[in-house]
Amino acid sequence: MTKSELIEAITRKQHHLPAKDVELAVKHMLELMSETLAGGGRIEIRGFGSFCLHYRPPRMGRNPKTGQAVHLTGKHVPHFKPGKDLRERVNEVLRLPFSS
Amino acid sequence: MALTKADMAESLFHVFGFNKREARDLVDSFFEDLRSSLASGEQVKLSGFGNFDLRNKNQRPGRNPKTGEEIPITARRVVTFRAGQKLKARVETYAGTRE
Numbered sequence: 064m065t066k067s068e069l070i071e072a073i074t075r076k077q078h079h080l081p082a083k084d085v086e087l088a089v090k091h092m093l094e095l096m097s098e099t100l101a102g103g104g105r106i107e108i109r110g111f112g113s114f115c116l117h118y119r120p121p122r123m124g125r126n127p128k129t130g131q132a133v134h135l136t137g138k139h140v141p142h143f144k145p146g147k148d149l150r151e152r153v154n155e156v157l158r159l160p161f162s163s
Numbered sequence: 512m513a514l515t516k517a518d519m520a521e522s523l524f525h526v527f528g529f530n531k532r533e534a535r536d537l538v539d540s541f542f543e544d545l546r547s548s549l550a551s552g553e554q555v556k557l558s559g560f561g562n563f564d565l566r567n568k569n570q571r572p573g574r575n576p577k578t579g580e581e582i583p584i585t586a587r588r589v590v591t592f593r594a595g596q597k598l599k600a601r602v603e604t605y606a607g608t609r610e
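One line per chain: the protein sequences are A and B, in this order. Add 63 to a position in the first sequence, counting from 1, and you land on the number used in our numbering. Add 511 to a position in the second sequence, counting from 1, and you land on the number used in our numbering.
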């Protein structure tokens, strides 16, 4: 599913709202989430999961082309931890054939 | 304070003037549709933000960390998130407290 398919799916359910409004809303929600992470904050969505930042310490890397050592500074990377409901629902597809 | 669905709905209400009910439904629907897609086995690609991919894990040996007892970790499907270039670049420069 892509962003535009997500917008279509939401519009089908919120049929009183024009697709354009749903598109604005989806882009706004993603921007809020990005902004929060960019500011070092966490996102907590019950049943879906949580996002936070993980720190990667500075390290010596290598230019794969030349083999030359380069110093890489520490940085933060986004991390997602799926929530219980998402974990269970994603796993159901695999579990069902065995449990029946 | 962490960003929650209530914060997101509040922002939709303030910024675009959706009524509170519409705002809440939009946020609920957003996460529910992401979840349904993943539950049906389809990855989600949100350009500018990142991809939610599915990985199938084989059964592997595990251990109860408390008792040391060996128990197999059953085969399962898990969700992984890979941040997109744009999000990575915005987050990388964050210089605050290290976690």
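All C-beta atoms in this analysis are idealised placements derived from N, C-alpha and C, irrespective of residue type, glycine included.
S540 of chain B counts as buried, since no fewer than 16 other beta carbons sit within 10 angstroms of its beta carbon.
With a cut-off of 8 Å on Cβ pairs, the region 514-526 of chain B is not in contact with the region 120-136 of chain A, counting fewer than three such pairs. Residue-level contact check: N154 of chain A touches chain B, since one or more beta carbons of chain B fall below 8 Å from its beta carbon.
For Y118 of chain A, DSSP records a beta bridge to A:H139.
Around the beta carbon of R571 of chain B, a 10 Å sphere encloses fewer than 16 other beta carbons of the protein chains shown; the residue is thus reported as exposed. The residue from B:N569, B:R574 and B:T604 with its alpha-carbon nearest to that of L135 of chain A is B:T604. Distance from the Cα of N562 of chain B is smallest, within the candidate group B:F527, B:V590, B:R601 and B:R574, for B:V590.
Contact check between the region 572-585 of chain B and the region 104-123 of chain A: fewer than three CB pairs, one atom from each, fall below 8 Å, which does not count as touching.
Proximity of chain B to V89 of chain A at the Cβ level (cut-off 7 Å) is accounted for by F541, in chain order.
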